[in-house]
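Residue numbers (our numbering): 778 to 871.
C-beta atoms are modelled at their ideal positions from N, C-alpha and C, and glycine is treated no differently.
Only a predicted model underlies this, so the values are computations on that prediction, with no experimental measurement involved.
In what follows, a single structure is set out as structure tokens and then discussed.
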């Protein structure tokens, strides 16, 4: 799977690693629903750090279609809400 972090670039991420992101995705959704700005910010940073840790960066000149697009680290709560699906940011979550 190819994941794009807006403003940063793309990474390849094995599909079986998505389950490791589900807990953070669920936390992020709950914080957004509760309007927890500081919690949202911390969890977004943790989610993106985990993606960077689990993924392998693609070359900067690579322009592959992204399977998953995640917000930039400085995205606002409102911007992230626009990216959410019923599953959160990560598809297939609980």
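Close Cβ partners of residue i (< 7 Å) along its chain, the five nearest in sequence each way excluded
i	result
residue 816	808
residue 823	801
residue 841	779, 787 and 835
Closest by C-alpha distance to residue i, when choosing among the options
i	options	result
residue 755	785, 849 and 818	No answer is possible for residue 755: it lies beyond the span of the chain, which begins at 778 and ends at 871.
8 Å Cβ cutoff met for residue i and residue j
i	j	result
residue 780	residue 821	no
residue 784	residue 837	no
residue 782	residue 825	yes
residue 798	residue 828	yes
Classification of residue i by the beta-carbon crowding that lies within 10 angstroms, buried from 16 upward
i	result
residue 796	exposed
Backbone secondary structure at residue i - three-state DSSP
i	result
residue 840	coil
residue 871	Confidence is the limiting factor: at residue 871 the pLDDT is only 45, short of 50, which leaves the residue's position unreliable, though a coordinate-based value still follows. Three-state DSSP puts residue 871 in coil, outside helix and strand.
residue 833	strand
Cut-off 8 Å between Cβ atoms - residues of its own chain near residue i, not counting five sequence neighbours on either side
i	result
residue 855	none
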